[in-house]
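See structure below.
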Amino acid sequence: MSSFSNPVPMTILLVEDDEVDVMNVKRAFKKNNISNQLVVASNGIEALSLLRSESQDYPKPKIVLLDLNMPKMGGIEFLKEIRQDPSLSSLSVFVMTTSNEDSDKIDAFNLNVAGYILKPLSMDRFIAAVSTLNSYWTLCEYPQ
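Position one of the sequence shown corresponds to residue 10 (the numbering used here), numbered consecutively onward.
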């Protein structure tokens, strides 16, 4: 008998402005039979407003998949904002980006990201990476 205390799959927030990348994440979720609800925001400002909204049709996301290079508010700026907000600071954030800049990696890890995944992976490698992420967040125990 399973003793997981998270019977309802967690909602995951994808912060990504590239429609092709959004479709790739959705395809990788489907290929891995990931049933978590995926909510999409196209930039950091939209993501913050989703996270801070009280009226939602889904449980608040506990996991964020974050692109760094976005208009209006980029990923590092978004990370700084959530880490300073007591109601959002415990979010698990995984960066998925094309940026291979050491400064971005350093900034991201200094802002307590759970992982940094470099795009573009081949579709097969991307599906495998999402499978690994799913294993991780399925194993983790999150407070209610």
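We put the beta carbon where it would ideally sit given N, CA and C, even for glycine.
- I43 counts as buried, since no fewer than 16 other beta carbons sit within 10 angstroms of its beta carbon.
- As for any alpha helix (DSSP H) of minimum length 4 sitting wholly inside the stretch 70 to 107, the runs are 84 to 92, ordered along the chain.
- For A37, the enclosing alpha helix (DSSP H) starts and ends at E28 to K40.
- In terms of Cα proximity to D94, the closest of L77, L57, R134 and A37 is L57.
- For V139, no beta strand (DSSP E) segment is defined; the enclosing uninterrupted segment is the alpha helix (DSSP H) at M132 to L148.
- C-alpha of P68 to C-alpha of T20: approximately 6 Å in a straight line.
- The alpha carbon of I85 has as its nearest neighbour, out of L59, D66, S112 and K71, the alpha carbon of S112.
- Distance between E25 and L148, taken at the CA atoms: about 25 Å.
- Counted as a single uninterrupted DSSP element, the stretch harbouring A123 is not any beta strand (DSSP E), since DSSP gives it neither H nor E.
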